[in-house]
Every structure is written in structure tokens, then in C-alpha cells.
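Everything in the sequence shown is counted per the numbering used here, starting at 20 for the first residue and increasing by one. All C-beta atoms, glycine included, are put in the ideal place defined by N, C-alpha and C.
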Amino acid sequence: MITAPTLIQIQLGEHGYPIHVGRGLLRESALMQAVAPKGRILIVSNETVASLHLGALQASLAGREVAVCLLPDGEAYKTLTTLEQVYDQLATARINRDGVIFALGGGVVGDIAGFAAATWHRGIDCVQAPTTLLSQVDSSVGGKTAVNHAQGKNLIGAFHQPKAVIADLETLATLPDREYSAGLAEVIKYGLIRDVEFLVWLENTMPRLLKRDYAVLQEAVSRSCAHKAAIVALDEREAGVRALLNFGHTFGHAIENAVGYGQCLHGEAVAIGMVLAAETSERLGWIDAASVTRIRNLLSRAGLPVNAPRIGVTRARELMELDKKVQAGKVRLVLLKQIGDAVVTADYDNKVLDAVLEERMA
Ligand code: NAD
Ligand code: GLY
């Protein structure tokens with residue numbers, strides 16, 4: 020039995036939009052035409068994803084003026100140089116103010132295409148069609164768009180909400196296992212920061228989730244998107260509560276940076292970071308040792324690493340202090356008051372953080 024698609028509406032006034040989650044959505048011509056009812060279209064994708072899923076989208080958009088821009092694959096290409104390629108194609112395809120960009124791919128394609136849409140003609144419509152689990156549950160929702168600068172990730176960017184998000188679960192069938200597990204880290208994150216009942220459900224359904232059972236996947240992606248939509252609706256520009264989405268990310272960014280992007284996937288670094296954040300919470304006396312073990316077990320069962328690379332305490336500190344969440348010299352961390360209840364705080368004893376880094380990263 021095929022479950023009907025889920026529709027989640029993100030409540031952002033005139034910038035609000037639908038998130039469609041379901042099987043075979045890229046092949047649903049009526050839906051694809053409806054989310055981009057007028058104007059010329061540029062599909063931005065990469066070579067890997069295009070060879071697998073571009074045909075379905077193109078067929079659905081038959082009868083429209085559609086051009087395609089294929090980017091090289093990889094985080095290394097999330098640059099201004101690649102962005103310029105997109106602008107060249109937008110110009111060649113004569114995409115003007117009423118044109119639409121479709122971003123077909125993972126978070127890298129989504130972030131570049133989204134930023135191109137934010138800036139072309141001072142902002143045109145973008146439809147996100149995410150094809151990795153991470154992009155379906157996180158990066159395609161919420162309007163953060165960016166490219167990297169030599170000095171750091173995502174330094175050049177804009178908030179630009181998409182017109183719609185189309186999460187076609189069938190695209191996940193071709194995703195490599197490692198990338199799939201990396202996406203599960205972000206799914207588990209929602210349970211840890213704000214929904215213990217979802218966490219229990221993930222614990223119970225992990226075997227089916229790992230088999231990519233569509234019914235379970237639809238529930239996992241939909242519930243994750245609903246969490247992200249609720250948080251973004253409260254705090255679109257990350258003035259407060261949206262920072263909770265960075266649970267595990269301050270440690271994780273330091274790890275990614277130290278071991279080299281591509282060596283450790285973002286979701287893998289976040290998984291290790293969530294364990295370190297949980298251990299910090301435990302040392303503060305907020306959660307118990309059994310809770311930390313529970314978190315480690317679930318992440319391991321999802322195929323994720325849980326032990327930090329020994330990058331050294333000084334290096335870890337340095338890299339964590341580069342984080343955007345540093346205020347008045349103190350690293351603000353997302354920590355757990357309990358499982359399912361996270362806080363953003365700089366109100367902790369630095370010696371506690373040092374002890375965790377010493378034990379896990381020295
Ligand atoms: P990615 O876009 O690099 O995709 C991972 C790999 O999977 C790539 O090689 C890609 O070509 C391939 N791929 C994509 N879909 C596939 C499919 N269906 N079948 C087979 N292969 C497929 O990585 P990602 O994890 O999706 O995204 C990471 C990026 O997202 C980072 O640049 C990160 O900064 C960004 N991000 C942005 C936000 C945001 O809010 N904007 C949030 C989290 C992460
Ligand atoms: N991925 C974090 C955010 O969108 O805020």
C-alpha cells in the first residue's frame with residue numbers, strides 16, 4: 020500500500036510555503052507544474068543526481084521552457100566560481116523576474132541554487148527538490164542559502180525562503196548508505212532537542228528505517244520537516260530558538276574542519292558532536308550516564324560514528340571558537356536539560372567543556 024503524500028505548511032506569512040513529502044512526487048506533473056505555474060525554468064542539479072533523477076522532473080515539466088544547469092559534484096564546488104556558472108545559465112536561458120529555479124540535489128546544490136535565486140534580479144522563486152535524506156529533513160527547509168569562502172563554510176549567503184519543497188522519497192533509493200546514515204543524524208537530532216516520543220519511535224523503527232521502508236521513511240521525513248518548520252516559523256533569522264537546530268554542530272564543525280571536509284560527512288561530524296554535547300550535559304549533572312549511552316546506541320545503530328577523532332584540545336577549542344555562536348569570547352553550546360529538551364547556553368563552567376575535550380579529543 021502506498022501512503023498518501025504528507026503536506027506540511029510552513030507558517031511564515033506571505034513567505035510561507037508547502038513541504039510535500041511522498042513517493043514519486045517528481046513524476047507528478049500536475050504538482051510540479053502547480054508549484055511553478057508561470058515563467059521560464061532553470062533546473063540546477065549536479066552530474067550525479069541528474070543521471071538518476073533529472074529525467075523524471077523534465078518529463079513532468081514538459082511543455083514549459085526549461086533549461087538545465089549541471090554543476091560539478093561536491094562541497095569543494097560550493098563556491099562563487101560555481102555560482103557564476105549558474106548566473107551564466109540564468110542569463111543564457113533569459114530567466115527574468117517571473118522565472119523559477121528548481122534545485123534538484125542534496126544540500127550543496129540546494130544551497131547554491133537557493134543563493135542564485137536569492138540574488139538573481141534581486142530575488143526570484145526557487146523550488147527545492149531535495150534528493151538526500153539530509154536535504155529533505157534539514158537544508159531544503161528554512162531558507163538558508165549560501166556558498167563557501169576560503170575562510171569558512173557558508174560565509175556568503177542570504178535568507179531566501181523557497182516557494183515549495185518537494186521531498187520525493189523515491190530519490191533516496193539511489194543514495195549511498197553512508198550519505199543515508201548522515202541524514203539520519205539530523206532526524207535523530209529533532210528527537211533529542213524537542214521530541215522524546217519521536218526519539219522512542221526512532222529507536223523502535225530503526226531496523227525498518229535502515230531498510231528504507233517507505234512508510235517509515237515518510238513518517239520520519241514528515242515529522243522532521245514539521246519540527247524544522249515549527250522552529251523556523253518561530254525564529255526565521257536565528258535570533259533565538261533556531262539555534263537549537265545546531266545541536267552537536269559546534270563540536271561537529273570543529274571536527275569537519277580539522278579532519279577535512281569530505282573525509283567526515285557533515286551528518287557524521289554532527290553525530291559525534293551530539294555525543295560530545297550529551298557528555299557535556301552529563302558532566303553538568305543535567306542528564307545521566309544512561310541517557311548518554313542511549314544516545315550513543317541509537318546513533319551507532321543508525322550507522323553513524325560516535326567517537327571523536329583525537330584532533331587535540333587546543334585545536335578543538337580554536338575551531339569551536341570560530342563558531343558563529345561565540346558571544347563575548349564564550350562558546351554558546353546547545354546542551355540537553357534532558358532528552359527531548361535542549362537549551363542554547365553559555366552558562367556553564369568552562370572546566371566542564373575542557374574535561375570533555377581532554378577525555379575525548381586529546
Ligand atoms: P551533498 O549535496 O554533497 O550530497 C551528498 C552526495 O550525494 C553528493 O555526492 C550528491 O551528488 C549525492 N546525491 C544526492 N542525491 C542523491 C541521490 N538521490 N542518489 C545518489 N546520490 C545522490 O550533501 P548533503 O548532505 O545533501 O548536503 C550537505 C550540504 O548542505 C553542506 O554544504 C551543508 O553546508 C548544507 N546544509 C545546509 C543547510 C541549510 O539550512 N541551508 C542545513 C544543513 C546542511
Ligand atoms: N540547519 C540549521 C538551520 O537551518 O538553522
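query, result
"Using three-state DSSP, classify Asp-157 as helix, strand or coil.", "helix"
"Out of Leu-61, Gly-279 and Leu-109, point me to the one whose CA is closest to Glu-94's CA.", "Gly-279"
"By a C-beta neighbour count over all protein chains shown, 10 Å radius and 16 as the cutoff for buried, is Ala-49 buried or exposed?", "exposed"
"Would DSSP call Gln-170 helix, strand or coil?", "coil"
"Closest to Thr-333 by CA distance: which of Leu-352, Leu-354 and Glu-378 is it?", "Glu-378"
"Considering Lys-247, what are the terminal residues of the alpha helix (DSSP H) in which it resides?", "233-253"
"So, with DSSP's three-state summary, where would you put Pro-37?", "strand"
"Under 8 Å, do Leu-73 and Ile-60 count as touching if we go by C-beta distance?", "no"
"What distance in whole Å lies between the Cβ atoms of Leu-218 and Gly-359, which are believed to be in contact at a cut-off of 8 Å?", "6 Å"
"Is Phe-121 helix, strand or coil when you go by DSSP?", "strand"
"Helix, strand or coil for Gly-271? Go by DSSP, reduced to three states.", "helix"
"How many angstroms separate the CA atom of Lys-439 from the CA atom of Leu-153?", "The structure shown does not extend to residue 439, since the chain spans only 20 to 381, so no value can be given for it."
"What three-state label does DSSP hand Val-325 in the structure shown?", "coil"
"Sorted by chain position, which residues of the same chain lie with C-beta nearer than 8 Å to Thr-101's C-beta, five sequence neighbours on each side aside?", "Leu-90, Pro-91, Ile-131 and Val-166"
"Kindly indicate which three-state DSSP category Leu-61 falls into: helix, strand or coil?", "strand"
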